[in-house]
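FYI, in mature numbering (1 follows the signal peptide of the UniProt record, and there is no 0) the residues of the sequence shown are -19 to -1, 1 to 298. Glycine is no exception: its CB is placed at the ideal position from the N, C-alpha and C atoms. These numbers come from a predicted model, not from an experiment.
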Amino acid sequence: MRKAMAALGALLMITACGGGDGGGGQIRVTLVQGLAGEEFYETMACGARAKAKELGVTLDVQGPQKFDPTLQTPIVNSVVAGKPDAMLIAPTDVKAMIAPLTQAKRQDIKIILVDTVVEDQSIGLSRISTDNLKGGAAAAKALSEQIGGKGKALVISTDPGVSTVDARIKGFEEEIKASHPGITSLGVQYSHNDVGEASKIVNAALAKDPDLAGVFATNLNSATGAGSALQQAGKLGQVKMVGFDAGPAQVEQLKNGVVQALIAQLPGDIGAKGVEQAVAAVKGQQVTPSIPTEATIVTAGNVSRPEVQKVLYKAGC
């Protein structure tokens, strides 16, 4: 009996310690957000959690308090020390995050890039992101329509070196140059993903160019800050704005006429697809190297439609 119990104990220990490669244990995945608490990344986490539950995967979610590689790097290092089977990550810089992710790769952690990427093409078995070049072009068309195809336009972004917003800027500028000759670009200014800084930028722009016609804000915090500045300056309806992302504050601004259009991404889908690709990688199944996701133009005229309500971001699940 004692020998039988010992054998059973050994068997249970082997089963409990089995990895996600078919050894009998549950696959462990960690999602490292670009910014904890931001509605875009919380909606992404909700999509990832739902898919993880469906597939029987253990999912942990972590993220820095600012969109900053110096804050994200120690989180990645801690995740690597915990040795999950796979990591979903939205890198906060195209260059600075290469080194910590290389260490993760050397530990045979399957890396899936969600939303943002790094320059090293060997990192990220799958890269899942909005077609941001197309999204930037859509923003240019929407803003041109709002300002009648003429006037001065300012772009507010986060920081240079963030792959998603860099692509949006490129798409916007290429579309303006190619198809909207009446619009004068005032270039790009960077808010460092800070609402207050975005507000200061718009206030300074209005002082320098009182005939400013339009603003393209490339992400949630830039749009929120820019919208607040326009509201405080009494420029609602005079200076038109198109924002990227559709968090609760931005939707409220849309309804109040602070912003005229929003480009809503599908972060929930990005999170869900990320978990699917991570599981496939751990199991040795085929992984799709690149998965572009769509964006939806949200206006005051369509925001109440059920299909549009589905793409608005959430503060939690």
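Asked: Is Lys189 buried or exposed, if buried means 16 or more other CB atoms sit within 10 Å of its CB?; Found: exposed
Asked: Which value, in whole angstroms, describes the spacing of the CA atoms of Gly218 and Ala186?; Found: 17 Å
Asked: Where does the unbroken alpha helix (DSSP H) through Gly28 begin, and where does it stop?; Found: 20 to 36
Asked: If I follow the unbroken beta strand (DSSP E) through Gln170, where does it start and stop?; Found: 164 to 171
Asked: With a CB to CB cut of under 6 Å and the five nearest residues on each side skipped, what residues in its chain are close to Thr199?; Found: Ser138, Val146, Arg149, Phe225
Asked: Which residues in the same chain as Ser271 place their Cβ atom closer than 6 Å to its Cβ, once the five residues preceding and following it in sequence are excluded?; Found: Arg108
Asked: Taking the straight line between their C-alpha atoms, what separation do you get for Ser121 and Arg30?; Found: This sequence places Ala at residue 121; Ser is not what is there. Near 34 Å, if we compare the C-alpha coordinates of Arg30 and Ala121.
Asked: Any chance the segment 44 to 59 sits against the segment 274 to 282, with 3 or more Cβ pairs inside 8 Å?; Found: no
Asked: Taking Cβ positions, are Leu36 and Val260 nearer each other than 8 Å?; Found: yes
Asked: For the segment 184 to 231, which segments carrying the alpha helix (DSSP H) assignment without a break, of at least 4 residues, lie completely within its bounds, in sequence order?; Found: 201 to 213
Asked: Buried or exposed: Arg286, going by 16 or more other Cβ atoms within 10 Å of its Cβ?; Found: exposed
Asked: Using three-state DSSP, classify Gly132 as helix, strand or coil.; Found: strand
Asked: Based on Cα-Cα distance, which residue from Pro45, Asp49, Gly63, Leu94 lies nearest to Glu257?; Found: Leu94
Asked: In three-state terms, what does DSSP make of Cys(-3)?; Found: Low confidence applies to Cys(-3): its pLDDT is 35, below 50, so where it sits in the model is not reliable, and the reading given next is rough at best. Correct three-state label for Cys(-3): helix.
Asked: If I follow the unbroken alpha helix (DSSP H) through Ala159, where does it start and stop?; Found: 144 to 160
Asked: Per DSSP, Ala118 forms a beta bridge with which residues?; Found: DSSP output for Ala118 lists no bridge partner at all.
Asked: Taking the C-alpha atoms as reference points, what is the distance between Ile90 and Leu40?; Found: 14 Å
Asked: I'd like to know whether the C-beta of Leu69 is nearer than 8 Å to at least one C-beta of chain D.; Found: In the displayed structure, chain D is absent; only one protein chain is listed.
Asked: Per DSSP, which one or two residues make a beta bridge with Lys91?; Found: Ala67
Asked: Pick from Glu154, Gly28, Leu135: whose alpha carbon is nearest that of Ala204?; Found: Leu135
Asked: Under a Cβ-count criterion, where at least 16 other Cβ atoms within 10 Å of its own Cβ denotes burial, should Cys27 be classed as buried or exposed?; Found: buried
Asked: Straight-line CA distance for Gly238 to Gly228?; Found: 15 Å
Asked: By how many angstroms is the C-alpha of Gly195 removed from the C-alpha of Val220?; Found: 5 Å
Asked: Please report how far the alpha carbon of Tyr294 lies from the alpha carbon of Gln234, in whole angstroms.; Found: 14 Å
Asked: Can you grab the Cα-Cα spacing for the pair Lys47 / Met78, in whole Å?; Found: 15 Å
Asked: With a threshold of 16 other CB atoms inside 10 Å of the CB of Gly18, please say whether the residue is buried or exposed.; Found: exposed
Asked: Judging by CA-CA distance, which residue of Ala179, Gln14, Arg9, Gln246 is the nearest neighbour of Ala273?; Found: Ala is not the amino acid found at residue 273; the sequence shown has Pro there. Taking only the C-alpha atoms, the option nearest Pro273 is Gln246.
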